[in-house]
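**Q** In terms of our numbering, the sequence shown has 1465 at position 439, counting the first letter as 1, and numbering is strictly consecutive. Ideal Cβ positions, reconstructed from N, Cα and C, are used throughout, including at glycine. Structure in structure tokens, see below.
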Amino acid sequence: MVTTLLLALVLGITVLLFLILKLKIPAFISLLISTIIIGIVAGLDASSIFDTIQRGMGGTLGYVATIVGLGAMFGSILELTGSAQAIADYMLKRFGVDKAPWTLLFSGFFIAIPVFFDVAFILLIPVIYALQHRTKKSLLLYAIPLLAGLAVTHAFIPPTPGPVAVADILGADLGLVILMGFLVGLPAAVVSGIFFGRYISNKIFVEAPSHIQEDSREKPLPSISVIFGVVLVPIVLIVLRALIDSGVILDKNFGIGLVITYIGHPFAALIIGNLLAWCLLGLRWNYSKEELFKVASKSMEPAGTIILLTGAGGVLKQMLVDTNIGTLIAESFVHLQSSIYLIAFIIAVLIRVLQGSSTVAMITAAGLVAPLLESGQYSGFALALLVVAIASGASTFSHVNDSGFWLVSQYLGINEKQTYRSWTMMTTVLSLVGIVVVLLFALFI
């Protein structure tokens, strides 16, 4: 029986990678097919297999679909109103050109919380072009810190889809994931963005394109204080609720603690964030209700793909639980006495390098790791740290099978070799620093 279960797992993962890498079948369908194969080889009948799919999909999407949908609409309004550009402009004026790498790192770190990685990068490209023309230094001195800030937040900090999905699959509190994501992500971003960025910019000189498209915005940018407030309100509410639930501050049954318990739930916090963005960044700055409705509806297109992919990850997890493959893996790792954080990191690294997508790597790794949690007791902080360990692994070694690799190459105007030396190595440094910090935190949790 043990041999059969192991065969089912190996065959399922092999089929998954073959379908994605060789046949280029969408990850959503590939995950479902590989899950069905695992069920068949493990000896489940047809009704059991499809019942598992239904329970895995439904159990995951009830939470994730709501968070991802609200997060996508929130980010779309910030994109429409030029809020990302306003943050970068403010920070550059506030701290000056000399500190531009640090400014861009923190701008990217902050902006990618509500806005998807690729969108935020494209929005801020003119900023780093202008800096390069002004200082005549390598474009990489400014691009790498920006990319590091964007990449860390994209993988480590909800409400971006990857960490939301992993948190749900592992049963981690979203507020604690945000907290641990900040604590681990900041040093990872600083080392990979500032220190590595400075090193690689001295090795590779890249000049910005000569013709820069001027900003054609007809409407003024929103007030920076309002933008920061709108973005921070839902994040602060979610974190406060997590701390109250953990018994760190206040009493969740009385007064302000009771109020925050309600409005700090991720659903409520993101609804509040959307309403604030709609009113204070949209209507107040002369965007019509029709414009806001259109951009919010449009944001559901990429969100829909991510939601389905997340559901498929939940299906894989449920199949591993129902077939007892998860228990078998857990027992094997217990005998090896391996750190669950390191196990999760390595699994995410392997899947990321093989198929390219960090989101697919995070969701698949979470599905494989979740059954291991049944063999032990893990605190809320430990589960949050585990989410960040997976995020670290899924951020590593972006190369030619990752769309981000080509996005960076195209917009920075560098060839494949230069992209490997800069972007790929930056993601690898980020990943390694991330897991080291995770393991250090694990000593005290």
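Residue 1348 by DSSP, collapsed to three states: which one?
**A** Here residue 1348 refers to the residue found at position 322 of the sequence shown. Helix, per DSSP.
**Q** DSSP state of residue 1053, grouped into three classes?
**A** For the purposes of this step, residue 1053 is taken as residue 27 along the sequence shown, with counting starting at 1. Correct three-state label for residue 1053: helix.
**Q** Quick check on residue 1267: buried or exposed, where buried means 16 or more other Cβ atoms within 10 Å of its Cβ?
**A** Working through the sequence shown from its first residue, we reach residue 1267 at position 241. Per the 10 Å Cβ criterion, buried.
**Q** Round the Cβ separation of residue 1380 and residue 1103 to the nearest angstrom and send it over; I've been treating them as touching at under 8 Å.
**A** Mapped onto the sequence shown, residue 1380 falls at position 354. Mapped onto the sequence shown, residue 1103 falls at position 77. That belief does not hold up - the Cβ atoms of residue 1380 and residue 1103 are roughly 36 Å apart, past 8 Å.
**Q** Quick check on residue 1276: does DSSP put it in helix, strand or coil?
**A** For the purposes of this step, residue 1276 is taken as the residue at position 250 of the sequence shown. Three-state DSSP puts residue 1276 in coil, outside helix and strand.
**Q** For residue 1300, does the count of other Cβ atoms within 10 angstroms reach 16, so buried, or fall short, so exposed?
**A** For the purposes of this step, residue 1300 is identified with residue 274 of the sequence shown, where counting begins at 1. It counts as buried.
**Q** Indicate the three-state DSSP secondary structure (helix, strand or coil) for residue 1471 in the structure shown.
**A** Taking the sequence shown and counting its residues from 1, the one referred to as residue 1471 is at position 445. DSSP places residue 1471 in coil when its eight states are reduced to three.
**Q** Do residue 1113 and residue 1148 have their CB atoms nearer than 9 Å?
**A** Here residue 1113 refers to the residue found at position 87 when the sequence shown is read from its first residue. Here residue 1148 refers to the residue found at position 122 when the sequence shown is read from its first residue. Not a contact, by the Cβ cut-off of 9 Å.
**Q** Quick check on DSSP: helix, strand or coil for residue 1142?
**A** As a working mapping, residue 1142 is identified with position 116 in the sequence shown. Three-state DSSP puts residue 1142 in coil, outside helix and strand.
**Q** Classify residue 978 as buried or exposed, calling it buried when 16 or more other Cβ atoms lie within 10 Å of its own Cβ.
**A** Outside the displayed range of the chain (1027 to 1471) lies residue 978, so it cannot be described from this structure.
**Q** Where do the N-terminal and C-terminal ends of the alpha helix (DSSP H) with residue 1300 fall, by residue?
**A** Taking the sequence shown and counting its residues from 1, one reaches residue 1300 at position 274. Residues 1292 to 1302.
**Q** Could you give the DSSP three-state label for residue 1427: helix, strand or coil?
**A** The residue labelled residue 1427 in the question sits at position 401 within the sequence shown. Here residue 1427 sits in coil by DSSP.
**Q** Helix, strand or coil: how does DSSP classify residue 1111 here?
**A** Numbered from its first residue, the sequence shown carries residue 1111 at position 85. Three-state result, residue 1111: helix.
**Q** DSSP three-state label for residue 1228, please.
**A** Counting from one through the sequence shown, the residue named residue 1228 turns up at place 202. Looking at residue 1228 - three-state DSSP - the assignment turns out to be helix.
**Q** Using only the alpha-carbon positions, how far apart do residue 1044 and residue 1073 sit?
**A** Here residue 1044 is taken as the residue at index 18 of the sequence shown, counted from 1. Here residue 1073 is taken as the residue at index 47 of the sequence shown, counted from 1. Near 26 Å, if we compare the C-alpha coordinates of residue 1073 and residue 1044.
**Q** Closer than 8 Å is the cut-off here; do at least three beta carbon pairs connect the stretch 1129 to 1136 with the stretch 1159 to 1173?
**A** In short, these stretches touch, since the Cβ pair count reaches three.
**Q** Let me make sure I understand the geometry here. Which of 1277, 1251, 1295 and 1143 has the alpha-carbon closest to that of residue 1264?
**A** Position 238 of the sequence shown holds residue 1264. If we check each option's Cα against that of residue 1264, 1295 comes out closest.
**Q** Cβ atoms of residue 1098 and residue 1329: under 9 Å apart, would you say?
**A** As a working note, residue 1329 is residue 303 in the sequence shown. As a working note, residue 1098 is residue 72 in the sequence shown. Yes, Cβ-Cβ distance for residue 1329 and residue 1098 is below 9 Å.
**Q** Take the Cβ of residue 1367 as the centre, count every other Cβ of all protein chains shown within 10 Å, and call the residue buried at 16 or more, exposed below.
**A** Start at 1 with the first residue of the sequence shown, and residue 1367 comes out as number 341. Burial call: buried.
**Q** Return the Cβ separation of residue 1165 and residue 1233 in integer angstroms, given the expectation that the two are a contact with Cβ distance under 8 Å.
**A** For the purposes of this step, residue 1165 is identified with residue 139 of the sequence shown, where counting begins at 1. For the purposes of this step, residue 1233 is identified with residue 207 of the sequence shown, where counting begins at 1. Between residue 1233 and residue 1165 the Cβ distance is about 7 Å, and since that is below 8 Å, they are a contact.
**Q** Just to confirm, are residue 1374 and residue 1396 a CB contact at a threshold of 9 Å?
**A** Start at 1 with the first residue of the sequence shown, and residue 1374 comes out as number 348. Start at 1 with the first residue of the sequence shown, and residue 1396 comes out as number 370. Contact flag unset, no.
**Q** Taking the alpha-carbon of residue 1400 as reference, which of 1346, 1322 and 1303 has the nearest alpha-carbon?
**A** Position 374 of the sequence shown, counted from the first residue, corresponds to residue 1400. Nearest C-alpha to residue 1400: 1346.
**Q** Do you know whose CA, among 1405, 1053, 1271 and 1142, lies nearest residue 1178's CA?
**A** Within the sequence shown, residue 1178 is the residue found at index 152, counting from 1. Answer by Cα proximity: 1142.
**Q** Under 7 Å Cβ to Cβ from residue 1474, same chain only, skipping five residues before and after it: list those, please.
**A** Here the chain covers residues 1027 to 1471 and nothing more, so residue 1474 does not appear.
**Q** How many angstroms separate the CA atom of residue 1463 from the CA atom of residue 1210?
**A** Here the question's residue 1463 lines up with position 437 in the sequence shown. Here the question's residue 1210 lines up with position 184 in the sequence shown. Looking at the two C-alpha atoms, the distance is approximately 6 Å.
**Q** Spatial neighbours of residue 1031 within its chain, please: C-beta separation below 7 Å, excluding the five flanking residues on both sides.
**A** Position 5 of the sequence shown, counted from the start, is the residue given in the question as residue 1031. These residues qualify, in order along the chain: 1068, 1349, 1350, 1351 and 1354.
**Q** Less than 8 Å between C-beta atoms, sequence neighbours within five positions excluded: which residues of the same chain meet that for residue 1246?
**A** As a position in the sequence shown, residue 1246 is number 220, starting the count at 1. Once the five neighbours on either side are set aside, the close Cβ partners of residue 1246 are 1311.
**Q** When the Cα atoms are used, what is the spatial distance from residue 1341 to residue 1196?
**A** Within the sequence shown, residue 1341 is the residue found at index 315, counting from 1. Within the sequence shown, residue 1196 is the residue found at index 170, counting from 1. The straight-line gap from Cα to Cα measures roughly 13 Å.
**Q** Expressed to the nearest angstrom, what Euclidean distance is found between the alpha-carbon atoms of residue 1085 and residue 1078?
**A** As a first step, residue 1085 is located in the sequence shown; it is residue number 59 there, counting from the start. As a first step, residue 1078 is located in the sequence shown; it is residue number 52 there, counting from the start. Taking the straight line from one Cα to the other gives about 10 Å.
**Q** With 16 as the cutoff for other CB atoms within 10 Å, does residue 1199 come out buried or exposed?
**A** Start at 1 with the first residue of the sequence shown, and residue 1199 comes out as number 173. Per the 10 Å Cβ criterion, buried.
**Q** From this set, 1435, 1107 and 1092, which residue's C-alpha is nearest residue 1249's C-alpha?
**A** The residue labelled residue 1249 in the question sits at position 223 within the sequence shown. Per the Cα distances, 1107.
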